[in-house]
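A short worksheet on the structure shown next.
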Amino acid sequence: MEALYHRIASDQRIRRYGLPVLGVLFGIRALSTVNAWLSQRALNHYTPNSTWNWKKEIVVITGGNSGIGAKIVERLAAKGVKVIILDITGPEKPHSAPNVSAYQLDISDLESVRTTCNRIRAEHGHPTVLINNAALALDATILGIPMHDVQKTFAVNVFSHFQLVQEFLPRMVENDHGHVVTVASLAAHGPRAANVTYASSKAAALAFHEGLGLELAAYYNAKRVRTSVVLPAWVRTPMVQRLVAHGLKAPMVEPDIVADAVVGQLYSGNSGQIVVPSSFSAVTGIRGWPHWLHQKILLGMSESSKEATVSAMNAAGEEKGTM
């Protein structure tokens with residue numbers, strides 16, 4: 189080994205080319221580390237928060253009875269955290285944990301949301317964590333989707349975020365303590381054909397997340413109230429499974445992976461942007477890519493999923509026709 193070391197040290201080619209390359213790689217690594225550190229500090233408004241006590245925190249999560257939401261609930265419940273589920277459907281299996289409560293609720297119904305939030309405060313206290321996870325995805329072209337479906341999608345995927353934050357954020361601001369998690373999608377950065385309604389709603393959810401963080405710092409001086417956004421790619425949830433059943437072939441992320449990332453972010457006590465899988469992080473900059481490349485990627489996604497999407501849309505139309 190010592191002989192090999194001396195050979196490398198004396199090799200003129202390595203000294204001439206290898207050392208500069210190593211220097212560049214080290215520099216890139218150092219810049220990446222500094223960039224991550226600065227980004228983390230900026231997202232948290234340069235304000236640390238060590239006030240978290242998970243024996244006392246109260247988490248409200250929408251869409252907590254299936255998919256990603258159910259996995260998040262499962263993990264938080266196992267840690268003894270008090271969790272309150274808001275979902276239009278019942279659980280896939282009954283919740284046995286004493287620290288989990290559930291309210292059946294259509295979060296697109298503003299009056300029902302207001303009434304339920306009053307019940308939550310009366311029965312459990314003021315929530316300190318809000319996870320806006322529930323979502324509606326309807327595959328249809330812009331010309332083919334009924335306007336009531338567009339309105340319903342935005343009511344679930346966007347408007348509910350506004351109302352639930354209006355309900356629960358004031359106490360978080362008052363205490364300068366809390367965390368609002370927005371489950372968006374990588375579709376927020378680039379739609380595919382026949383999925384424009386969903387992608388538009390997720391782009392709005394992403395803008396909501398970014399604006400919320402700015403308002404907390406600039407208008408309310410609540411710099412310890414954290415905001416995080418989750419940007420998953422294709423996740424194996426009931427919404428996506430219908431496309432898979434009709435032949436969609438795409439890399440899938442398991443709900444457990446997304447749930448682990450969300451719970452990890454909560455326990456870090458920090459704001460953040462979570463891309464799942466992390467190898468897709470570059471997609472968040474797609475709008476800054478050359479237009480030819482941007483369009484090539486989005487068109488390729490649209491064409492590769494077209495057959496499965498059309499098949500799923502036809503099947504959905506047949507189901508409506510038999511109802």
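Everything in the sequence shown is counted per the numbering used here, starting at 189 for the first residue and increasing by one.
All C-beta atoms in this analysis are idealised placements derived from N, C-alpha and C, irrespective of residue type, glycine included.
None of these values were measured; they are calculated from a predicted model.
Here Thr425 is buried: its Cβ has 16 or more other Cβ atoms, across all protein chains shown, within 10 Å.
Here Glu355 is buried: its Cβ has 16 or more other Cβ atoms, across all protein chains shown, within 10 Å. For Thr385, the uninterrupted alpha helix (DSSP H) run begins and ends at 384-406, by DSSP.
Between Ser289 and Ile276, the gap from beta carbon to beta carbon reaches 8 Å or more. When only Cα atoms are considered, Val344 and Ile295 end up about 6 Å apart. Within the DSSP bridge table, the entry for Asp275 names Gln292 as partners.
In the three-state DSSP reduction, Val269 falls in the coil class, being neither helix nor strand. Taken atom to atom, the span from the alpha-carbon of Asp364 to that of Thr304 is near 24 Å. The C-beta distance from Val269 to Val247 rounds to 6 Å, short enough to fall under 8 Å. Excluding five sequence positions before and after Arg263, the CB atoms of its chain that fall closer than 8 Å to its own CB belong to Ala447, Asp448, Val451, given in chain order. Within the same chain, Ile249, Val369 come within 6 Å of Ile319 by CB-CB distance, once the 5 residues on both sides are set aside. By the Cβ-count criterion, Pro315 is buried, with 16 or more other Cβ atoms from all chains shown falling within 10 Å of its own Cβ.
Asn320 sits in a strand when the DSSP states are folded into three classes.
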